[in-house]
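What follows is one structure encoded as structure tokens, with my remarks underneath.
2 protein chains.
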Amino acid sequence: MGNGQRKMHKNLGTEANSASNHNHANKDNDQSKELKENSTKAEGPPKHPNLLTEEALGGKHPLEIFKAWMMEAFQTGEPDPFFMNLATATSCGKPSVRLVALGDSDERGLYFATVDGTQKVKEIKENPRAAVCFYWSKLQRTIRIEGIVEECENNEEPFKRWPKPFQVGMRLAGAQGKPVEDWESAEKKLQEEMAKFGDQEVPQPEHVTTYVIIPTSVQFMQLKQTSLSDRFIFTKKDPADEGSWSFDRVYP
Amino acid sequence: MGNGQRKMHKNLGTEANSASNHNHANKDNDQSKELKENSTKAEGPPKHPNLLTEEALGGKHPLEIFKAWMMEAFQTGEPDPFFMNLATATSCGKPSVRLVALGDSDERGLYFATVDGTQKVKEIKENPRAAVCFYWSKLQRTIRIEGIVEECENNEEPFKRWPKPFQVGMRLAGAQGKPVEDWESAEKKLQEEMAKFGDQEVPQPEHVTTYVIIPTSVQFMQLKQTSLSDRFIFTKKDPADEGSWSFDRVYP
Numbered sequence: 030m031g032n033g034q035r036k037m038h039k040n041l042g043t044e045a046n047s048a049s050n051h052n053h054a055n056k057d058n059d060q061s062k063e064l065k066e067n068s069t070k071a072e073g074p075p076k077h078p079n080l081l082t083e084e085a086l087g088g089k090h091p092l093e094i095f096k097a098w099m100m101e102a103f104q105t106g107e108p109d110p111f112f113m114n115l116a117t118a119t120s121c122g123k124p125s126v127r128l129v130a131l132g133d134s135d136e137r138g139l140y141f142a143t144v145d146g147t148q149k150v151k152e153i154k155e156n157p158r159a160a161v162c163f164y165w166s167k168l169q170r171t172i173r174i175e176g177i178v179e180e181c182e183n184n185e186e187p188f189k190r191w192p193k194p195f196q197v198g199m200r201l202a203g204a205q206g207k208p209v210e211d212w213e214s215a216e217k218k219l220q221e222e223m224a225k226f227g228d229q230e231v232p233q234p235e236h237v238t239t240y241v242i243i244p245t246s247v248q249f250m251q252l253k254q255t256s257l258s259d260r261f262i263f264t265k266k267d268p269a270d271e272g273s274w275s276f277d278r279v280y281p
Numbered sequence: 030m031g032n033g034q035r036k037m038h039k040n041l042g043t044e045a046n047s048a049s050n051h052n053h054a055n056k057d058n059d060q061s062k063e064l065k066e067n068s069t070k071a072e073g074p075p076k077h078p079n080l081l082t083e084e085a086l087g088g089k090h091p092l093e094i095f096k097a098w099m100m101e102a103f104q105t106g107e108p109d110p111f112f113m114n115l116a117t118a119t120s121c122g123k124p125s126v127r128l129v130a131l132g133d134s135d136e137r138g139l140y141f142a143t144v145d146g147t148q149k150v151k152e153i154k155e156n157p158r159a160a161v162c163f164y165w166s167k168l169q170r171t172i173r174i175e176g177i178v179e180e181c182e183n184n185e186e187p188f189k190r191w192p193k194p195f196q197v198g199m200r201l202a203g204a205q206g207k208p209v210e211d212w213e214s215a216e217k218k219l220q221e222e223m224a225k226f227g228d229q230e231v232p233q234p235e236h237v238t239t240y241v242i243i244p245t246s247v248q249f250m251q252l253k254q255t256s257l258s259d260r261f262i263f264t265k266k267d268p269a270d271e272g273s274w275s276f277d278r279v280y281p
């Protein structure tokens, strides 16, 4: 896609950031305002032009299409549009998958925050590759992404976007995935911490780390009931070159 | 859990089978009738007793709890309760994940049908392990399963439960995941095949295979907004011994 592609990609940063600037805590941020305005302005249900044509896709960066689909998923009232299934694997190739909230996204990739010592962190540390899958039922759309994972220092955005009880839970959850020996004390401690923070911002604890998934392939699929579903695969030929994305329409 | 557990598990077969006997094509089978009766009988929304207590779980086989949660997901009108995210990995440990419909389940495991030659089949053939994740938004519940994968001969149930256009699509989709050279002809061929079968049953083609995921661990999580979420992990200590399941309550 050459230089044109690279230029477009360079401009994607702030827009993609704004598109994924959903707020799990429903704070009245720019993004939710923008979405609210869009949905009250619209007459009837929002229009969903078929983005999956070769004409529409040619020259677009896959994360730009991702951004557009995420916006539409919000606008159609999908209950948890930012929930993604994150797959990792041990270095021996034993896969695992769990639900994770997308914390942020930009031209580099998809960001999420998680607690150190969990299964996914152990697997990422020994094998820094991941795959994610989004599914939006109302739109009958799914996106699959594969890529490499890197740790991000000084990026607290994903943590900030969690609802407060989850933030406090993550503060206490140095033991996430470990057996609970005394449930009542653990629950009591959570309630005490919740009360302690009140309306204050909860600081990201030491044991929470942000990771970014840098895509090497992105697949879009628009499911159809009575005709062949649309499916496009974008592949980055050279992981170091954002200009090396190519795409194919494939059998669903 | 010893013999008591094994006996309970032995009896699980037909029940679990009936619980997962959802029909993607909305045929009027026993299961959908049963669910309809349940939902019309119920006054107000269905009750969801908290199954996640040590008392309720002790001695239960995890696939029995899976069955109960799947039933509840159907009863609460979750749009696609049988959709699961299936993760596989290459033998080098590169993970991938996609949306797959659960085709059937019984005391052995979870069944799905897929087209030979796809990425997941290639990965399963070189590395017969998989992980799946279900998420039911209305119930705020998620289930994660890890296990080994085996091919099932002469099991056409998962294929039979696909809606007809998907069955016909799978017949044509020997090329699934391969580039479409002539979209119009492909679409025309699908419509011709659809017309050809009319009301007839679509036979499972040679290039579609059924696989079973035999669990070695099963995790249940009931998300909660203002208190610690419930999370229980079942682990099979000896893959060959159904009596060797143990469980732990863990930090969410």
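If you read the sequences in order, they're chains B and E. If you read the first sequence in the numbering used here, its first letter stands for residue 30, the second for the next number, and so on. If you read the second sequence in the numbering used here, its first letter stands for residue 30, the second for the next number, and so on. Glycine included, every Cβ here is placed at the ideal spot set by N, Cα and C.
So K217 (chain E) is in the alpha helix (DSSP H); what residue range does that whole segment cover? Working through the second sequence from its first residue, we reach residue 217 (chain E) at position 188. For K217 (chain E), the enclosing alpha helix (DSSP H) has its first and last residue at 212 to 226.
Along the chain, where does the beta strand (DSSP E) that runs through P244 (chain B) open and close? In the first sequence, residue 244 (chain B) corresponds to position 215, counting from 1. Looking at the DSSP string, the run of the beta strand (DSSP E) that includes P244 (chain B) is 237 to 251.
Measuring only the C-alpha atoms, how far is I177 (chain B) from L115 (chain B)? On the first sequence, residue 177 (chain B) is found 148 positions in, with the first residue counted as 1. On the first sequence, residue 115 (chain B) is found 86 positions in, with the first residue counted as 1. Straight-line Cα distance between these residues: approximately 12 Å.
Any chain B beta carbon closer than 9 Å to F188 (chain E): Working through the second sequence from its first residue, we reach residue 188 (chain E) at position 159. No, F188 (chain E) lies away from the interface with chain B (no Cβ there is under 9 Å from its Cβ).
Kindly indicate if chain B contains any beta-carbon less than 9 Å away from that of E221 (chain E). Taking the first residue of the second sequence as 1, we reach residue 221 (chain E) at position 192. At least 9 Å separates the CB of E221 (chain E) from every CB of chain B.
Which same chain residues end up closer than 7 Å to L128 (chain E) when comparing Cβ atoms and leaving out the 5 residues on each side of it in sequence? The residue given as residue 128 (chain E) occupies position 99 in the second sequence. The answer, listed in chain order, is F112, N114.
Less than 6 Å between C-beta atoms, sequence neighbours within five positions excluded: which residues of the same chain meet that for G106 (chain E)? As a position in the second sequence, residue 106 (chain E) is number 77, starting the count at 1. Exclusion of the five residues before and after G106 (chain E) leaves no residue of its chain whose Cβ lies closer than 6 Å to its Cβ.
Just tell me which of E:K265, E:D267, E:W212, E:V126 has its CA closest to the CA of A159 (chain E). Translated into the one-based positions of the second sequence, residue 159 (chain E) becomes position 130. Closest option to A159 (chain E), Cα to Cα, is E:V126.
Let me know if T171 (chain B) comes out buried or exposed under the rule of 16 or more other beta-carbons within 10 Å of its beta-carbon. As a working note, residue 171 (chain B) is residue 142 in the first sequence. Buried, since its Cβ has 16 or more Cβ neighbours within 10 Å.
Beta-bridge pairing of E180 (chain B) - partner residues as DSSP gives them: Working through the first sequence from its first residue, we reach residue 180 (chain B) at position 151. According to the DSSP secondary-structure assignment, E180 (chain B) is paired through a beta bridge with B:Y240.
Coarse secondary structure for L139 (chain B), derived from DSSP in three states: Residue numbering aside, residue 139 (chain B) sits at position 110 when the first sequence is read from its first letter. Correct three-state label for L139 (chain B): strand.
Check whether the region 262 to 281 of chain E and the region 243 to 252 of chain E touch, using three or more Cβ-Cβ pairs below 8 Å as the test. As far as the Cβ criterion goes, the region 262 to 281 of chain E touches the region 243 to 252 of chain E, which means the pair count is three or higher.
What's the C-alpha gap between P194 (chain B) and E230 (chain B)? On the first sequence, position 165 is the one that residue 194 (chain B) refers to. On the first sequence, position 201 is the one that residue 230 (chain B) refers to. Whole-angstrom Cα-Cα distance: 12 Å.
W191 (chain B) lies in the beta strand (DSSP E); which residues open and close that run? To locate residue 191 (chain B), count along the first sequence from 1; it is residue 162. Under the DSSP assignment, W191 (chain B) falls outside any beta strand (DSSP E); it carries neither an H nor an E label.
What residues from chain B crowd round S256 (chain E), counting only those whose CB sits closer than 8 Å? Residue numbering aside, residue 256 (chain E) sits at position 227 when the second sequence is read from its first letter. Chain B residues near S256 (chain E): P194, E216, L219, Q220.
Need the endpoints of the alpha helix (DSSP H) that K207 (chain E) sits in, please. As a first step, residue 207 (chain E) must be located in the second sequence, where it is residue number 178. Boundaries cannot be given for K207 (chain E), as no alpha helix (DSSP H) includes it and DSSP labels it neither H nor E.
Between I242 (chain E) and the rest of its own chain, which residues show a CB-CB distance below 6 Å, the 5 nearest in sequence each way excluded? Against the second sequence, residue 242 (chain E) aligns to sequence position 213. So the qualifying residues of the chain are G138, L139, A159, G176, V178.
Note down, in chain order, every chain E residue with its Cβ under 9 Å from the Cβ of K225 (chain B). Residue 225 (chain B) sits at position 196 when you count from the first residue of the first sequence. Those within 9 Å of K225 (chain B) in chain E number zero; the least Cβ separation is about 15 Å.
Short check: CB of G284 (chain B) to CB of T238 (chain E), under 9 Å? Absent from the model: residue 284 (chain B). The displayed extent of chain B is 30 to 281, so no value can be given.
Count the other CB atoms, across all protein chains shown, that sit within 10 Å of the CB of G227 (chain E); report buried if there are 16 or more and exposed otherwise. Working through the second sequence from its first residue, we reach residue 227 (chain E) at position 198. Around the beta carbon of G227 (chain E), fewer than 16 other beta carbons sit within 10 angstroms, so the residue counts as exposed.
From what residue to what residue does the beta strand (DSSP E) around L128 (chain E) run? Translated into positions along the second sequence, residue 128 (chain E) becomes position 99. Note, L128 (chain E): beta strand (DSSP E), 124 to 130.
How is F103 (chain E) classed by DSSP in three states: helix, strand or coil? Position 74 of the second sequence, counted from the first residue, corresponds to residue 103 (chain E). Residue state for F103 (chain E) is assigned as helix, using DSSP reduced to three classes.
When the Cα of I153 (chain B) is compared with those of B:Y240, B:S134, B:E221, B:G132, which residue comes out closest? As a position in the first sequence, residue 153 (chain B) is number 124, starting the count at 1. Proximity to I153 (chain B) across B:Y240, B:S134, B:E221, B:G132 peaks at B:Y240, based on C-alpha coordinates.
Could you spell out the range, first to last residue, of the alpha helix (DSSP H) harbouring V279 (chain B)? In the first sequence, residue 279 (chain B) corresponds to position 250, counting from 1. Careful: V279 (chain B) lies outside any alpha helix (DSSP H) and carries neither H nor E.
Please state whether DSSP places K266 (chain E) in a helix, a strand or coil. Sequence index remark: in the second sequence, residue 266 (chain E) carries index 237 (1-based). Coil at K266 (chain E), not helix or strand.
Distance between beta carbons of D270 (chain E) and S166 (chain B), contact taken as under 8 Å: On the first sequence, residue 166 (chain B) is found 137 positions in, with the first residue counted as 1. On the second sequence, residue 270 (chain E) is found 241 positions in, with the first residue counted as 1. Not a contact, Cβ separation roughly 39 Å.
Per DSSP, which residues does V134 (chain E) bridge with? Please list them. In the second sequence, the residue the question calls residue 134 (chain E) occupies position 105. The displayed chain sequence assigns Ser, not Val, to residue 134 (chain E). E:L139, per the DSSP bridge assignment.
Against chain E, does L181 (chain B) count as a neighbour if the rule is that its beta carbon must be under 9 Å from one of theirs? Stepping through the first sequence from its first residue, residue 181 (chain B) is reached at position 152. Contrary to the premise, residue 181 (chain B) reads as Cys rather than Leu in this sequence. Chain E, which has no Cβ nearer than 9 Å to the Cβ of C181 (chain B), makes this no.
Can you tell which of E:Y164, E:A142, E:E222, E:C162 has the C-alpha that lies nearest to the C-alpha of K189 (chain E)? For this step, residue 189 (chain E) is matched to residue 160 along the second sequence. Residue E:A142 is the option with its Cα nearest to K189 (chain E).
Tell me whether S214 (chain B) is buried or exposed, calling it buried when 16 or more other Cβ atoms sit within 10 Å of its Cβ. In the first sequence, the residue the question calls residue 214 (chain B) occupies position 185. Exposed, since its Cβ has fewer than 16 Cβ neighbours within 10 Å.
Can you check whether the CB of T117 (chain E) is closer than 9 Å to the CB of Q205 (chain E)? Counting from 1 along the second sequence, the entry for residue 205 (chain E) is found at position 176. Counting from 1 along the second sequence, the entry for residue 117 (chain E) is found at position 88. In this structure, T117 (chain E) does not lie closer than 9 Å to Q205 (chain E) by Cβ.
For E222 (chain E), collect the residues of the same chain with a Cβ closer than 6 Å to its Cβ; drop the 5 residues on either side in sequence, then sort them by chain order. Position 193 of the second sequence, counted from the start, is the residue given in the question as residue 222 (chain E). Closer than 6 Å at the Cβ level, and outside the excluded window around E222 (chain E), lie V197.
Determine, using beta carbons only, whether W212 (chain E) and L168 (chain E) come nearer to each other than 9 Å. For the purposes of this step, residue 212 (chain E) is identified with residue 183 of the second sequence, where counting begins at 1. For the purposes of this step, residue 168 (chain E) is identified with residue 139 of the second sequence, where counting begins at 1. Going by C-beta atoms, W212 (chain E) is not nearer than 9 Å to L168 (chain E).
Is E185 (chain B) close to chain E? Criterion is C-beta to C-beta, closer than 9 Å. Mapped onto the first sequence, residue 185 (chain B) falls at position 156. No - not a single Cβ of chain E is within 9 Å of the one on E185 (chain B).
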